[in-house]
Each structure stands twice: as C-alpha cells, then as structure tokens.
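Here is the structure we will look at.
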Amino acid sequence: MAVIPCRASSARSSSGRVPAIRGAADQKVRVRYNCAFFQEALQNVALKVSQNPTVRKAAFLAMNTLWAIPAIAEEAEEKGKIFDFNLTLPIIVAEFLLLMLALDNLWFKPVAKVMDERDEAIRQKLMGVRDNSDEIKKLQEQAEAILKAARAETTAELNKMRRETAASLDAKLQESRQRVEKELAEALANLESQKEETLRSLDKQVQELSDQIVAKVIPF
Amino acid sequence: MQIEQLQIFEIDNPHQVSSVEVHAQVLITSWVVIALLIALPVVATRNLQTIPTGLQNFIEYVLEFIRDLTRTQMGEEEYRPWVPFIGTMFLSIFVSNWSGALLPWRVIQLPHGELAAPTNDINTTVALALLTSIAYFYAGLHKRGFSYFGKYIHPTPVLLPINILEDFTKPLSLSFRLFGNILADELVVAVFVSLVPLIVPVPMMLLGLFTSAIQALISATLAAAYIGESMEGHH
C-alpha cells in the first residue's frame, strides 16, 4: 500500500492519534490525492528535461511508468486476493482461545463430571454385587449345614424310635410267649394229671374189670 | 457502512499512516458459530441427570466422541488436559463448515463481499493451523523440556533438514487442506447454483456436507496426533 508523506494527507491526520474506521472509497480518494501531488512534481521535472530529445523520450517513458504505478496501486485496493492475510488472523486466534475457555467451562467440565459420576456409581454397584455373591455362598453353606444336621437328627430319632418299638414289641412278644408257654405247661400238667388220673381210674377200672372177669371166669 | 473490508487507520505520527484490514464477513460468521456453540451447552446442561435424555444424551455423545478421539491419538495417561483444545478445534471447524453449507447466508446482502463459512478464508484456517503448531510445540517442551529438540535428530541426524521442514509443512498442509476443501466446495456449489438452481446442485451440496464433516474430523485428529507425537518421547 502506498505510503506517501505529503502535506495533502496531513489534513486528515491532523485529528490526532485517533484510529478512524473508513470505507474503501476514502482510501481511493486518498491515493488519488497523493497521485495528483505526485503528478505535479513529475510535470515540473518533465518541463525541465524536455529540451533534450533522448532525455525527453526517457522522461516520457519514465513518466508513463510512474503514472501507471498509482493506477496499479489504485486497482490493488479492490483486488480479491485469495491469500489475503490481515488482522483477521489474530482475531480468530483470540476468538478460538476464548471459545475454548467457554466450552471447557460450560460443556466439557459439567458433562464430564456427570459422566464420571455415573461411571463411578456403576462401578460401585458392580463391586457391591460381587460382594453379595460371597455372602450368598456363605448363606448357602450355612443352609446346607443346617439341613444336614436336621436330616441327621431326624434319622437318629427315627432309629431310636424304631429301636424302642422293636424292643417293646420284643418284650410283648416275650411276655406272650411266656404266657403261652406257661399256659401250655399248665395245660400239659393238666393233661398229665388228667392222664394220671384217668390212668389211675383206668387202673382202678381195669382192676375192677379184671376182678369181675376173674369172678366170672373162675366160678368158685 | 461497507462491511467487507473494514480498514482501521492507526495514525502514529502526522507523516505516516498505516492501515490494517479486517475481513469482517469472517468475523460476523464466526460470531454466529460461537453463539451456536455456546448456546447448545447452556441449553443442554440446564438439568443434568444421571440417566440422560434427549439433548443431554447428544452432548454426552459428542463429548465421548471427542474424548475417544483424543485418547486414541494421545494415549490414556495424557489425553485429559487436551480434550478442550481438540474438542474446540473439532466443534468450531465442524459447525463453521456446516453453517456455511446449511444456513441461508445469501439472505443477508452485504454491500461488498458475502457471508459464507468462516473457514473459507485463509486467515481462519491459518489461525487454526498456527494454534495447532503452537500447541504441539508447547506440549513437547512442557513434557520433555529442551530434550524435545532431540526429536529432530531422532531416527538419524541425516533427517534433520526434513524434520525441520516438517515443522513448516505441518501447519501449511493443515491450513491448506481445510481452506481448499471448504472454498472449493463453496465455489463449485455457487457455480452449479448459478447454472441450474433447482436439483443439480443438491448432490454436490450433500457431498460438501460429508467432506466438510470429514475435514473437521481430520483436522482435529491430526492436531491430536501431532500433539501426541511430540509428547510421546523416544520409541
């Protein structure tokens, strides 16, 4: 960008150290103003050298190129450059850094906190579940032990009862057998005595009979 | 007011004037992108619950995606501090590109120039690439101190010029990849729309959406890869 110290632009700068925002049109006006001043100076020089023909030609060429330069500068104001680096770059850097701070505090930190808390809670619950399974195993073993003990108890009781009933049955059996034996013995004794009696009576009767027979047979 | 090229005159002394330009259309569209990116979490984190629904689900998915991307490139121990940087890189590029493709910017007529995606300007993409460069330098120096410069002669000292060149080509390629993709897509769509406004540009627009999303992902992944590579030390 053409920077030309000249009296013409000091009128604008006389407002002091104040940054002013102006449009592109003002820039064009300023450059043209500088161009006018420059062209005057050139024309004075041209008049002085127009005596010498070769110098005149050279001056003519020089003047043309010199006149073209401000025109190029003028065009350059409205160029649509693709690689146009300017103050936008640091402004975007500053915006990005501020956005980073804002997003960190508004989004990443709170949401991360909630997610991490949730993970922690789930992990705690999982650990709790694992401990419960140990307790369950212990309880299961206890239950089994109780069952075993109860089963043993009942079998012992059953056996005892069985033995007792068997014993009482035996006793009753013995008793009845003894009774029966006693009765049998009595009956036998009875029978014996009756047999003895009948034998004796038979003996008596036989004696009587034999006496009768003798009496009858032997007549005397 | 003429918006496309605002010129700021700083008058240092009465005999010299320098002027600095700003591409205001880029600033306007980048402000819109920033507004979108800030409005989304503000709305979504209003009522955070342990069992997420709707919008909270979406922002958690995005954060999980960014974390996974960063963790893949940088490793489990060191990825946490870099999630904001990579996340902002990915989200800003993604939303910029898609806003340029989806939002009806042509409705707003500017006297000079026109509104489009902020990433179609070389200043934006070079700014992001320079930030990535600075980030991976900072990461390397912070983690390894001055022995970070040992990586330049790392496989063999013969590769020293190539390694130095790499420090220039990395930001160059990052910036031009993004810039070229977005600008070219916009120009092609503009040409198609000026030729046949009805149906024909639509496949190109869809392709543009796809490639611009891929470019956001690539930029973020490469940034994370460079940072991870400069932190990882000797193999």
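Sequences listed follow chains A and B, in order.
Just so we're aligned, residue 1 is where the first sequence starts under this note's numbering, counting upward by one.
Just so we're aligned, residue 221 is where the second sequence starts under this note's numbering, counting upward by one.
Idealized CB from N, CA, C, for every residue including glycine.
Problem - Beta carbon proximity, Arg-118 (chain A) to chain B, threshold 7 Å - result: Residue contact with chain B for Arg-118 (chain A): present (Cβ-Cβ distance below 7 Å to some residue of chain B).
Exercise for the section: Please confirm whether Ala-440 (chain B) and Met-294 (chain B) have their CB atoms less than 7 Å apart. Expected result: Contact flag unset, no.
Exercise for the section: Flag Leu-99 (chain A) as yes if its beta-carbon sits less than 7 Å from any beta-carbon of chain B, otherwise no. Expected result: Judged by the 7 Å Cβ criterion, Leu-99 (chain A) is in contact with chain B.
Problem - Below-7 Å beta-carbon distance, Leu-167 (chain B) vs any chain A residue - result: The question about residue 167 (chain B) has no answer, for chain B in this structure spans 221 to 455.
Problem - Rounded straight-line distance, which links the Cα of Arg-56 (chain A) to that of Lys-48 (chain A) - result: Approximately 9 Å, taken between the alpha carbons.
Handout entry: Beta-carbon proximity check, Ser-312 (chain B) vs Thr-345 (chain B), cutoff 7 Å
Key = By the CB criterion at 7 Å, Ser-312 (chain B) and Thr-345 (chain B) fall outside the cutoff.
Problem - Thr-376 (chain B) (DSSP reduced to helix, strand or coil) - result: If DSSP states are grouped into helix, strand and coil, Thr-376 (chain B) belongs with coil.
Practice task
Could you tell me how far apart the beta carbons of Leu-283 (chain B) and Gln-276 (chain B) are, in whole angstroms, since I believe they sit closer than 8 Å?
Solution key: Actually they are not in contact, since the Cβ atoms of Leu-283 (chain B) and Gln-276 (chain B) sit about 11 Å apart, beyond 8 Å.
Practice task
Please check if any C-beta of chain A sits within less than 7 Å of the C-beta of Ile-447 (chain B).
Solution key: Taking Cβ atoms only, chain A never reaches closer than 7 Å to Ile-447 (chain B), which makes this a no.
Handout entry: Distance CB(Leu-361 (chain B))-CB(Tyr-368 (chain B)) smaller than 7 Å
Key = Here Leu-361 (chain B) is near Tyr-368 (chain B), since their CB atoms are less than 7 Å apart.
Practice task
Check the Cβ-Cβ distances between Val-263 (chain B) and every residue of chain A, and say whether any is below 7 Å.
Solution key: For Val-263 (chain B), the answer is no, since every Cβ of chain A falls outside 7 Å of its Cβ.
Handout entry: Close beta carbons around Val-413 (chain B), own chain, < 6 Å, minus the five adjacent residues each side
Key = Pro-421.
Handout entry: Expected contact under 8 Å - CB spacing of Ile-328 (chain B) and Leu-335 (chain B) to nearest Å
Key = Correct: roughly 6 Å between the Cβ atoms.
Practice task
Output yes if chain A places a C-beta closer than 7 Å to the C-beta of Val-420 (chain B); else output no.
Solution key: No, Val-420 (chain B) does not count as interfacial toward chain A.
Exercise for the section: List the residues of chain A whose Cβ lies closer than 7 Å to the Cβ of Glu-241 (chain B), in chain order. Expected result: Neighbours of Glu-241 (chain B) in chain A, taken as residues at a C-beta separation under 7 Å, are given in chain order as Asn-86, Leu-87.
Exercise for the section: For my contact list, Val-262 (chain B) and Leu-106 (chain A) are in at a C-beta cut-off of 8 Å; report their separation, rounded to the angstrom. Expected result: Yes, they are in contact, since the Cβ atoms of Val-262 (chain B) and Leu-106 (chain A) sit about 6 Å apart, within 8 Å.
Handout entry: Within-7 Å CB hit, Ile-92 (chain A) to chain B
Key = It does; some Cβ of chain B falls within 7 Å.
Problem - Leu-103 (chain A): contacting residues in chain B (beta-carbon distance under 8 Å) - result: Residues of chain B with a Cβ closer than 8 Å to the Cβ of Leu-103 (chain A) are, in chain order, Leu-257, Ile-258, Pro-261, Pro-304, Gly-307, Thr-308, Leu-311.
Handout entry: Contact list for the region 273-286 of chain B against chain A, Cβ threshold 7 Å
Key = Under the 7 Å Cβ criterion, the region 273-286 of chain B contributes Ile-279, Glu-280, Leu-283.
Handout entry: Straight-line gap, Pro-110 (chain A) to Val-246 (chain B) (C-alpha atoms, nearest Å)
Key = In this structure, the straight-line span from the alpha carbon of Pro-110 (chain A) to that of Val-246 (chain B) is close to 30 Å.
Handout entry: Among B:Pro-423, B:Leu-348, B:Thr-249, nearest to Leu-89 (chain A) - alpha-carbon criterion
Key = The option with the nearest alpha carbon to Leu-89 (chain A) is B:Leu-348.
Exercise for the section: Flag Leu-268 (chain B) as yes if its beta-carbon sits less than 7 Å from any beta-carbon of chain A, otherwise no. Expected result: Chain A, which has a Cβ nearer than 7 Å to the Cβ of Leu-268 (chain B), makes this yes.
Exercise for the section: Tell me, please, whether the CB atom of Ala-349 (chain B) is closer than 7 Å to any CB atom in chain A? Expected result: Chain A, which has no Cβ nearer than 7 Å to the Cβ of Ala-349 (chain B), makes this no.
Problem - Residue interval of the alpha helix (DSSP H) (run including Leu-323 (chain B)) - result: In this chain, Leu-323 (chain B) is not harboured by any alpha helix (DSSP H), its DSSP state being neither H nor E.
Exercise for the section: Identify which residue in A:Ala-58, A:Asp-104, A:Phe-83 has its Cα closest to the Cα of Ile-279 (chain B). Expected result: That would be A:Asp-104, whose Cα lies nearest to the Cα of Ile-279 (chain B).
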